[in-house]
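Enquirer: Chains as they are written, first to last, in this note's numbering: chain A, 1 to 148; chain B, 1001 to 1148.
Protein chains: 2
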Amino acid sequence: MRQEGAREDLNQRIGYQLKRVDAALRSAMDAALRPHGLTTPQYACLELLDRRPGLSNAELARGAFVTRQSMNVVLHNLQTAGLVVRPATAPQGRALPTTLTDDGRTRLHAARADILAIEDKMAEPLSASQAEHLLDALGRMATALESD
Amino acid sequence: MRQEGAREDLNQRIGYQLKRVDAALRSAMDAALRPHGLTTPQYACLELLDRRPGLSNAELARGAFVTRQSMNVVLHNLQTAGLVVRPATAPQGRALPTTLTDDGRTRLHAARADILAIEDKMAEPLSASQAEHLLDALGRMATALESD
DNA sequence: TCCTCCATGTCAGAACTTTGACATTCCGAC
DNA sequence: GTCGGAATGTCAAAGTTCTGACATGGAGGA
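1) Taking only beta-carbon atoms, is V74 of chain A less than 8 Å away from chain B?
2) Could you list which residues in chain B have their beta carbon closer than 7 Å to that of R13 of chain A, in chain order?
3) Closest Cβ-Cβ distance between A1023 of chain B and chain A: below 8 Å?
4) Just how far apart, CA to CA, sit R52 of chain A and A1090 of chain B?
5) Distance, Cα to Cα, P13 of chain A vs V21 of chain A?
6) CA-CA distance, V85 of chain A and D1009 of chain B?
7) Can you give me the C-alpha to C-alpha distance between A1123 of chain B and Q92 of chain A, rounded to a whole angstrom?
8) Anything in chain A within Cβ reach of R1105 of chain B, meaning under 7 Å, just list it in chain order.
9) For my contact list, F65 of chain A and A1023 of chain B are in at a C-beta cut-off of 8 Å; report their separation, rounded to the angstrom.
10) In the structure shown, what three-state DSSP assignment does V74 of chain A receive?
11) Locate the alpha helix (DSSP H) running through P1041 of chain B, then write down its first and last residues.
12) If you drop the 5 nearest sequence neighbours on each side, which residues of the same chain put their C-beta closer than 6 Å to that of N1072 of chain B?
13) Taking the straight line between their C-alpha atoms, what separation do you get for P125 of chain A and L1138 of chain B?
14) Taking C-beta pairs closer than 9 Å, name the residues in chain B that H36 of chain A reaches, listed in chain order.
15) Kindly list, in the order they appear in chain A, the residues whose Cβ is closer than 8 Å to that of R1140 of chain B.
16) Output the boundary residues of the alpha helix (DSSP H) element that contains D1009 of chain B.
17) How big is the Cα-Cα spacing for T39 of chain A and S1147 of chain B?
18) Roughly how many angstroms lie between the CA atoms of Q1220 of chain B and I1115 of chain B, to the nearest whole one?
19) Please compile the residues from chain B whose C-beta is within a distance smaller than 7 Å of the C-beta of A110 of chain A.
20) Who are the neighbours of A28 of chain A on chain B, taking C-beta pairs under 7 Å?
21) What is the DSSP secondary structure of V1066 of chain B, reduced to helix, strand or coil?
22) Less than 8 Å between the beta carbons of G1082 of chain B and D1103 of chain B, yes or no?
23) Do A1111 of chain B and L1033 of chain B have their C-beta atoms within less than 8 Å of each other?
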C-alpha cells in the first residue's frame, strides 16, 4: 500500500499544498486590493502600522517578510500617496518611525473588509476547531523552519 | 474576552501565518537548492516533469503557480543547462512537450533529498495525524479560493 | 464549409524584488 | 575613553515576475 505520506504524489506534499493556497490567496488579495489602489505588500505595511504605529522600515520589512530594500520602495510609494508619514530626521538612532495618516487609516479600513471577506471564504470549509488547529500547526511549522 | 479568532492580532490571522510559513519555506528551499545550481521555480518544474513527462509550458506554469511567461524563462534556462529538452516543432497543436534529460533527472534526485529534509524539518513538530489534517485543510482552503 | 472561441507560445515593456555594498548611529565590552 | 559589533537607511545593479499584446493551431457549432 505504501501510504505513509505518499510523497511521490505532489498533492500529498505539504509544501506543494502550501504553495497552492498561497498562490490562490495572493491572487485573490491582489484582485480585491486593486480597486482600493493598493498592492498586497502595501496592505501588509498599512496593517502593521495600524497595530504598531512608529515602526521603522526595517521592522516593517521583517513583519511583511520582505527585504528592507523592498519595503523602502513600498514605503516611498505610500508616502507619495499620502497614506503614511515619516519624519525627515531620525529622532534617535537611524530609524525613521512611520505612522499612518488619516487617509491611510481610512483606506486601510476600507480594504480590510474585503481582505477579511477573502479570509472568511478561505476558512469557510473549516470548522472553528479545525481553523484553530490549523493556526497552531502553521505557527509551529514556521517556528521550526525559522530555527536556524 | 472576545476570543473568536481575535483578528486584531495579526498572529491569529490564517493569511498571516500562511505567509510566514511560506516565506520561511521559500528561504530554506532557495538556500538548499543553491548548491545544486537550481532555483525554487526550476526545482518545481523538474519535479513536475519527473512525474508527468511531456507537459507543455502552459501546463507547467499552472502546476507551479506562475505565469506562462515566467515558466518560459525557467524552461529556457533549464534547456540551456541541458536538464530538459523540447522539440523544435510541435508534434500536434502548438504545445511543445518537455521531457527531462538524464542529467536533469540526476540533478533533480540529488536536490529532492535536501528538499524533503526541509519538509521533514517543517513537519517535525506535527504528529502524523496532525499532518494529515493539515494537508486536508490546506487542500480545502485552496479549493475554496480557486472556486471563482 | 466557415467561423468563432479557446489555448498555446512568444515578444516587448514595466514593475517588483533581491543581492551586494556602503555610511551612519547606537550600545556594550574592554 | 575607545573600539568593535549590530542595526538602520540608502544606493546601484541584476534577476525575476508580471501585464499587455499578438500570431498560430485546434475544436465545436452555425
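All C-beta atoms, glycine included, are put in the ideal place defined by N, C-alpha and C. As the structure is a prediction and not an experimental result, all values here were calculated from the model.
Expert: On the basis of the data shown:
1) no
2) E1119
3) yes
4) As the crow flies, the alpha-carbon of R52 of chain A is around 56 Å from that of A1090 of chain B.
5) For the sequence presented, residue 13 of chain A should be read as Arg rather than Pro. Their backbone Cα atoms lie some 13 Å apart in a straight line.
6) Approximately 23 Å, taken between the alpha carbons.
7) Distance between the alpha carbons of A1123 of chain B and Q92 of chain A: 42 Å.
8) Simply none; closest approach about 14 Å.
9) Between the beta-carbon of F65 of chain A and that of A1023 of chain B there is about 4 Å, and that keeps the pair under the 8 Å contact cut.
10) helix
11) In this chain, the alpha helix (DSSP H) harbouring P1041 of chain B covers T1040 to R1051.
12) N1057
13) The straight-line gap from Cα to Cα measures roughly 10 Å.
14) Residues of chain B passing the Cβ test: none, with the nearest at roughly 16 Å.
15) P125 and L126
16) Element bounds for D1009 of chain B: n/a, residue is neither H nor E.
17) 22 Å
18) Chain B is shown only over 1001 to 1148; residue 1220 of chain B falls outside these bounds and no answer can be derived.
19) What A110 of chain A touches in chain B: nothing, since even the nearest Cβ is about 16 Å away.
20) L1145
21) Coil at V1066 of chain B, not helix or strand.
22) yes
23) yes
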